[in-house]
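Protein chains in written order, with the working numbering: chain A, 23 to 574; chain B, 113 to 501.
For glycine and all other residues, C-beta sits at the position ideal for the given N, C-alpha and C.
Below: one structure, written as structure tokens.
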Amino acid sequence: MSAAVDTNASYLTATRGWKSWAYTLDHKRIGMMYLFGILGALLLGGAFALLVRMELWSPGQTIAGKDAYNKFFTLHGAVMVFLVIIPGLPAALGNMILPIQLGAPDVAFPKLNLTSFYLWVIGALLLLVAVFTGGLDTGWTFYTPYSLQSQTAVIPAVLGAFVLGFSSIFTGLNFLVTIHKFRPKAMGWFQMPLNLWALYSTALMQVLATPVLGITLLLLFVERFMHIGIFDPNLGGDPVLFQHFFWFYSHPAVYIMIVPAMGVISEITTTFSRKPIFGYRFIAYSSIALALFSFLVWGHHMFVSGQSKLANMVFSALTFSVGIPSAIKVFNWVSTLYKGDIRLQTPMLYALSFLIMFTIGGLTGIFLAILSIDVQLHDTYFVVAHFHYVMMGSTLVAFVAALHYWWPKVTGKMYPERPAQVAAVGVFIGFNLTFLPQFVMGSRGMPRRYWDYDPEFQIFHRLSTVGAFLLGLSLFGVVCYLMWSLKYGTKAPQNPWGGTTLEWDAPTPPTVFNFPEPPEIHELYNYDDLEELPEGGWVRKPSTGAKSSSGH
Amino acid sequence: MSQPSHDDHHDDHGHQSRFIQHHYDDAQHQFDSGKLGIWFFLVQEILFFSALFVAYILYRHHHPEIYAYAHHYLDVKWGAINTAVLIVSSLSAAWAVRCAQLAQRRGLIACLVITIVCALGFLGIKTVEYSHKVHEHILWGKYFDPCVASAGNHLLNKGNNCPGVKTSVVWDGKAGKAKSGCLEGDYDQRPAEPGIQGKCEVVEVVGANRRPIEACEEAPGKSGGHGKPAKFPCYELALNPHVCPAGPAAMVLYGDHGHHGGAIEVKCEAVPAPAAPADAFADPTHAPSTGERTFAQQKPKSKHELAHEFASGPPPEHTNMFFSIYFAMTGLHGIHVLVGVFVFIWLLWRAIRGDFTPDYFGPVDYAALYWHLVDLIWIFLFPLLYLIH
Ligand code: HEM
Ligand SMILES: [Cu+2]
Numbered sequence: 023m024s025a026a027v028d029t030n031a032s033y034l035t036a037t038r039g040w041k042s043w044a045y046t047l048d049h050k051r052i053g054m055m056y057l058f059g060i061l062g063a064l065l066l067g068g069a070f071a072l073l074v075r076m077e078l079w080s081p082g083q084t085i086a087g088k089d090a091y092n093k094f095f096t097l098h099g100a101v102m103v104f105l106v107i108i109p110g111l112p113a114a115l116g117n118m119i120l121p122i123q124l125g126a127p128d129v130a131f132p133k134l135n136l137t138s139f140y141l142w143v144i145g146a147l148l149l150l151v152a153v154f155t156g157g158l159d160t161g162w163t164f165y166t167p168y169s170l171q172s173q174t175a176v177i178p179a180v181l182g183a184f185v186l187g188f189s190s191i192f193t194g195l196n197f198l199v200t201i202h203k204f205r206p207k208a209m210g211w212f213q214m215p216l217n218l219w220a221l222y223s224t225a226l227m228q229v230l231a232t233p234v235l236g237i238t239l240l241l242l243f244v245e246r247f248m249h250i251g252i253f254d255p256n257l258g259g260d261p262v263l264f265q266h267f268f269w270f271y272s273h274p275a276v277y278i279m280i281v282p283a284m285g286v287i288s289e290i291t292t293t294f295s296r297k298p299i300f301g302y303r304f305i306a307y308s309s310i311a312l313a314l315f316s317f318l319v320w321g322h323h324m325f326v327s328g329q330s331k332l333a334n335m336v337f338s339a340l341t342f343s344v345g346i347p348s349a350i351k352v353f354n355w356v357s358t359l360y361k362g363d364i365r366l367q368t369p370m371l372y373a374l375s376f377l378i379m380f381t382i383g384g385l386t387g388i389f390l391a392i393l394s395i396d397v398q399l400h401d402t403y404f405v406v407a408h409f410h411y412v413m414m415g416s417t418l419v420a421f422v423a424a425l426h427y428w429w430p431k432v433t434g435k436m437y438p439e440r441p442a443q444v445a446a447v448g449v450f451i452g453f454n455l456t457f458l459p460q461f462v463m464g465s466r467g468m469p470r471r472y473w474d475y476d477p478e479f480q481i482f483h484r485l486s487t488v489g490a491f492l493l494g495l496s497l498f499g500v501v502c503y504l505m506w507s508l509k510y511g512t513k514a515p516q517n518p519w520g521g522t523t524l525e526w527d528a529p530t531p532p533t534v535f536n537f538p539e540p541p542e543i544h545e546l547y548n549y550d551d552l553e554e555l556p557e558g559g560w561v562r563k564p565s566t567g568a569k570s571s572s573g574h
Numbered sequence: 113m114s115q116p117s118h119d120d121h122h123d124d125h126g127h128q129s130r131f132i133q134h135h136y137d138d139a140q141h142q143f144d145s146g147k148l149g150i151w152f153f154l155v156q157e158i159l160f161f162s163a164l165f166v167a168y169i170l171y172r173h174h175h176p177e178i179y180a181y182a183h184h185y186l187d188v189k190w191g192a193i194n195t196a197v198l199i200v201s202s203l204s205a206a207w208a209v210r211c212a213q214l215a216q217r218r219g220l221i222a223c224l225v226i227t228i229v230c231a232l233g234f235l236g237i238k239t240v241e242y243s244h245k246v247h248e249h250i251l252w253g254k255y256f257d258p259c260v261a262s263a264g265n266h267l268l269n270k271g272n273n274c275p276g277v278k279t280s281v282v283w284d285g286k287a288g289k290a291k292s293g294c295l296e297g298d299y300d301q302r303p304a305e306p307g308i309q310g311k312c313e314v315v316e317v318v319g320a321n322r323r324p325i326e327a328c329e330e331a332p333g334k335s336g337g338h339g340k341p342a343k344f345p346c347y348e349l350a351l352n353p354h355v356c357p358a359g360p361a362a363m364v365l366y367g368d369h370g371h372h373g374g375a376i377e378v379k380c381e382a383v384p385a386p387a388a389p390a391d392a393f394a395d396p397t398h399a400p401s402t403g404e405r406t407f408a409q410q411k412p413k414s415k416h417e418l419a420h421e422f423a424s425g426p427p428p429e430h431t432n433m434f435f436s437i438y439f440a441m442t443g444l445h446g447i448h449v450l451v452g453v454f455v456f457i458w459l460l461w462r463a464i465r466g467d468f469t470p471d472y473f474g475p476v477d478y479a480a481l482y483w484h485l486v487d488l489i490w491i492f493l494f495p496l497l498y499l500i501h
């Protein structure tokens with residue numbers, strides 16, 4: 023960066039022109055670019071979801087045939103998982119917030135950060151190539167042997183997911199090093215915001231699990247055009263090995279999705295309850311516990327793939343144990359709310375939705391971990407509902423919560439509160455209307471990934487489709503008013519919610535290196551230090567700065 | 113008042129090296145961050161390779177016979193040389209770091225050059241090995257088709273050296289018979305002794321010219337049947353009936369001169385058939401499907417011969433999987449070596465430019481760490497693939 027840049031100017035305006043964005047090394051700008059890319063992908067994935075729901079409006083063919091249907095659900099899943107949910111919280115919002123929460127000027131490796139972003143772009147383009155050159159019908163899971171035979175665009179899709187994997191690995195690596203090496207001396211591990219614990223745990227999983235997906239997809243890719251045979255039963259290979267490798271990554275991947283969401287929810291529940299987080303250490307440790315456990319349970323996706331009984335039992339038992347750290351967090355959040363001074367602003371509405379939906383999603387996961395029950399429920403809509411409660415009802419909702427929570431900070435503009443609250447309620451109702459009926463029809467035997475069904479399921483499918491449109495509409499509304507606010511929103515105060523973490527001590531929007539002066543480290547989650555201004559926003563009480571920081 | 117450890121980032125620290133980026137406190141901070149980063153990267157690399165090791169272990173556990181058989185196709189000599197080459201390069205890479213730390217620019221350049229040369233040497237040797245395999249169609253998965261280079265039997269006995277083989281049997285794996293080369297139809301018995309003196313007449317036809325080709329003889333002075341043929345062109349008979357179920361194959365060996373590119377005609381005289389079945393290890397799926405064919409068996413085989421025949425007999429079913437794993441592992445490793453070459457060339461360029469100083473030598477250190485890992489992976493691959501017993 024040239025010396026002419028005024029580093030005390032807002033990062034948004036310090037330099038201008040598209041090149042200043044395309045070549046930027048500023049983590050906030052990179053996060054911003056991710057955010058826009060991810061919102062675009064969300065629209066694409068959402069469009070496919072609505073196509074799926076439209077096809078299922080009535081039994082038999084509704085809008086397209088079975089082959090098209092297979093492509094709809096596959097592309098919906100692949101786009102949502104690889105382009106939206108996995109990078110959403112870490113790469114977009116984490117990128118913007120993590121260094122600021124550390125009081126650091128940037129991530130450890132800004133160039134690598136930009137590389138990650140461009141890898142995401144390349145991956146997204148490859149997936150688009152797949153969309154436009156015959157689509158993809160293997161399911162987002164790419165199971166062999168079908169993925170070796172499918173006539174659709176498996177090769178670009180697999181390459182895309184491979185590249186996206188490296189984008190994710192490099193982001194994780196960057197965050198790990200940043201948290202290790204850029205934590206101020208005054209901020210011990212246990213003075214870190216819980217969001218950072220969550221991002222740390224996520225980054226660990228990104229670095230440790232994603233390479234296995236990488237090699238698996240690479241082998242699949244090589245298999246497709248060189249017939250290397252490792253997963254091909256015709257050549258003596260083992261297709262089930264693919265499932266093992268795939269889930270060795272993809273189970274941790276579901277925690278890559280949920281753990282950063284948990285971090286966000288920890289921040290929001292305490293801020294909007296005006297109460298210190300309950301059980302800080304438990305939440306911090308349980309993030310790490312989830313990261314570790316997540317590597318030991320992949321077999322629960324393969325209970326009916328011919329695993330040995332012993333393996334099934336071990337995986338089942340280990341899966342139950344994952345419920346423990348998850349439940350610890352839920353109890354802590356609920357205890358944080360208890361007797362809090364709860365403010366129902368939009369981020370909090372989403373956080374409360376999260377609490378309800380994550381509880382449902384997590385508990386139904388425990389049902390599925392029971393061997394005898396999973397034999398019945400595997401590959402039914404019950405599983406679909408389970409993972410949507412956790413992936414969409416929890417992670418995506420937390421993503422939207424975080425978007426509203428930090429939007430004023432990173433854009434300098436307030437979003438319009440009233441429409442946002444309406445949209446939040448719309449998301450909640452739409453979501454539950456979409457997915458609660460799926461539990462019912464799943465437990466009654468409606469298989470997943472089918473384009474046709476018995477008429478007895480029609481009522482559930484119709485409810486689900488109506489819910490999906492409400493949900494889609496609400497989210498579309500969110501995107502619209504956020505974009506609107508970029509131009510017309512009111513100017514955001516430095517600390518609109520009265521948060522205690524360091525990003526609220528940074529200017530709004532932050533300067534090029536986040537802080538004009540190195541920030542003071544205050545006691546975390548101590549809301550007594552802050553007072554609300556009549557014109558909106560919060561400031562530290564004048565007397566408290568020195569007192570609280572001497573507490574370390 | 114508590115202050116973050118990194119001090120004011122946007123003023124000038126008076127850094128020694130211009131390569132210290134502004135968001136680091138100082139040279140040490142940058143170095144430490146990079147070091148931690150490269151360690152995480154190496155962990156990532158290990159996991160990247162791990163799936164292949166798991167695949168190796170699983171298939172070896174389920175099909176030990178494939179590994180016992182197939183590793184004979186690999187040449188321990190080349191593997192061992194490559195191991196040595198890589199170890200030397202690791203040493204020179206480590207030395208390069210030391211030189212960079214001590215500001216010994218010439219030493220650094222020398223060490224980097226040695227490392228690059230060794231890495232290229234490794235790749236060169238790997239290319240030699242691969243091209244043998246390509247030539248002999250000892251390839252992965254679907255393309256594993258060793259009959260192509262005549263019988264595996266012969267090749268194995270010869271330690272996998274096929275000097276001067278230019279024309280060989282072309283085996284159609286799908287059709288289950290030779291496209292050319294394997295003798296079909298009128299030849300259904302094995303000559304009395306494997307090897308050179310089959311009772312055959314082999315003629316090369318170029319236009320109207322018919323040139324007889326004689327059976328190969330060992331060049332005098334070479335022992336153990338491993339030498340080059342004394343005369344070119346000459347033919348040998350490949351006798352493994354399991355890889356060439358349609359009958360033994362004539363493999364014509366050419367010298368550098370004398371290859372006229374003609375068609376090969378082979379006529380062989382039947383030898384009286386002995387009674388004993390050839391091979392206790394015969395695999396029905398590879399046995400000839402038509403006609404009855406028995407093979408000479410002069411005296412009962414010794415245990416040693418039997419073991420040998422096992423190793424050199426019919427490939428067990430799905431021997432291709434060994435080569436799938438072999439090519440996947442060594443290929444991925446080779447790509448890493450190639451990346452290393454580029455990295456070291458880049459470092460060499462920077463070293464010549466004089467970028468590295470005692471307070472800025474991180475890239476050399478990180479590249480060396482990466483290189484040690486690449487070396488280490490080979491040190492696992494070599495015994496796992498080449499030294500199976
Ligand atoms: C309490 C924690 C959880 C437990 C015990 C649990 C358990 C399970 C089990 C046993 C299955 C396999 C069902 C089957 O295929 O028959 C499953 C599927 C799934 N779970 Fe969870 N889960 C939990 C949390 C999560 C979270 C947090 C996410 C994502 C954010 C998630 C995403 C998924 C997905 C995507 C699938 C299905 C993948 C597919 O087949 O396409 N789960 N879960
Ligand atoms: Cu799972």
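Does at least one heavy atom of ligand 2 sit under 7 Å from the Cβ of H410 of chain A? no
Can a CB atom of chain B be found closer than 8 Å to the CB of I107 of chain A? By this cut-off, I107 of chain A is not an interface position.
Do V276 of chain A and ligand 2 come close, with the Cβ less than 7 Å from some heavy atom? yes
I want to check one thing, is the minimum distance from the CB of V234 of chain A to the heavy atoms of ligand 2 below 7 Å? no
Name the two residues that bound the continuous beta strand (DSSP E) containing V153 of chain A. Careful: V153 of chain A lies outside any beta strand (DSSP E), inside the alpha helix (DSSP H) at 132 to 154.
Quick check: does the Cβ of L581 of chain A come within less than 7 Å of any heavy atom belonging to ligand 1? Because chain A is modelled from 23 through 574, residue 581 of chain A falls outside the range shown and cannot be assessed.
Should G103 of chain A be listed as close to ligand 2, given that the test is whether its C-beta is under 7 Å from any heavy atom? The sequence given here has Val at residue 103 of chain A, not Gly. No, the beta carbon of V103 of chain A sits no closer than 7 Å to any heavy atom of ligand 2.
Cα-Cα separation, L216 of chain A to E289 of chain A: 7 Å
Is H273 of chain A a contact residue of ligand 2, with contact defined as CB to any heavy atom under 7 Å? yes
Can you give me, in chain order, the residues of the region 153 to 171 of chain B that have a beta carbon less than 9 Å from any beta carbon in chain A? F153, V155, Q156, E157, I158, L159, F160, F161, S162, A163, L164, V166, A167, L170, Y171
Taking only runs that begin and end inside the region 187 to 251 of chain A, name each unbroken alpha helix (DSSP H) of 4 or more residues, in chain order. 216 to 248
Work out the CA separation of N334 of chain A and H322 of chain A for me, nearest whole Å. 7 Å
Can you pull the chain A residues whose beta carbon is under 7 Å from the beta carbon of K254 of chain B, in chain order? Below the 7 Å Cβ cutoff, chain A contributes H249, G251, L257 as neighbours of K254 of chain B, in chain order.
If you measure beta-carbon to beta-carbon, which residues of the region 187 to 214 of chain B are closer than 7 Å to chain A? none
Closer than 7 Å: is that where the CB of H266 of chain A sits relative to any heavy atom of ligand 1? Not under cutoff, so the answer is no.
For the beta strand (DSSP E) that W560 of chain A lies in, which residues bound it at each end? 560 to 562
Is the CB of T238 of chain A under 8 Å away from at least one CB in chain B? yes
To the nearest angstrom, how far is it from the Cα of V155 of chain B to the Cα of L147 of chain A? 28 Å
Mapping DSSP to helix, strand and coil, what is R323 of chain B? strand
Could you check if V319 of chain A belongs to the surroundings of ligand 2, using beta carbon to heavy atom distance under 7 Å? yes
Whole angstroms is fine: what's the gap from I237 of chain B's alpha carbon to V200 of chain B's? I237 of chain B and V200 of chain B have their C-alpha atoms some 15 Å from each other.
Please classify C502 of chain A as buried or exposed, where buried requires at least 16 other C-beta atoms within 10 Å of its C-beta. exposed
Hey, is G348 of chain A close to ligand 1, as in C-beta under 7 Å from one of its heavy atoms? A small correction: the amino acid at residue 348 of chain A is Ser; Gly does not occupy that position in the sequence shown. At a threshold of 7 Å, S348 of chain A counts as near ligand 1, since its beta carbon sits closer than that to one of the ligand's heavy atoms.
Alpha carbon to alpha carbon, how far is A139 of chain B from A220 of chain A? Give it in angstroms, no decimals. 29 Å
Could you give the distance in angstroms between the alpha-carbon of E77 of chain A and the alpha-carbon of F94 of chain A? When rounded, the distance between both Cα atoms is 10 Å.
Closest by CA to L263 of chain A, which one among A:Y56, A:F164, A:V352? A:F164
Let me check you understand the geometry: is the CB of H400 of chain A closer than 7 Å to at least one non-hydrogen atom of ligand 2? no
Going by the CB atoms, is the gap between S223 of chain A and L312 of chain A shorter than 8 Å? yes
If you compare alpha carbons, which of A:Y140, A:A183, A:L124 is closest to H544 of chain A? A:L124
What residue range is occupied by the uninterrupted alpha helix (DSSP H) comprising L64 of chain A? Note, L64 of chain A: alpha helix (DSSP H), 49 to 77.
Can you name the start and end residues of the beta strand (DSSP E) that L552 of chain A belongs to? 552 to 554
T160 of chain A - containing alpha helix (DSSP H), residue span: Per DSSP, T160 of chain A belongs to no alpha helix (DSSP H) and is neither H nor E.
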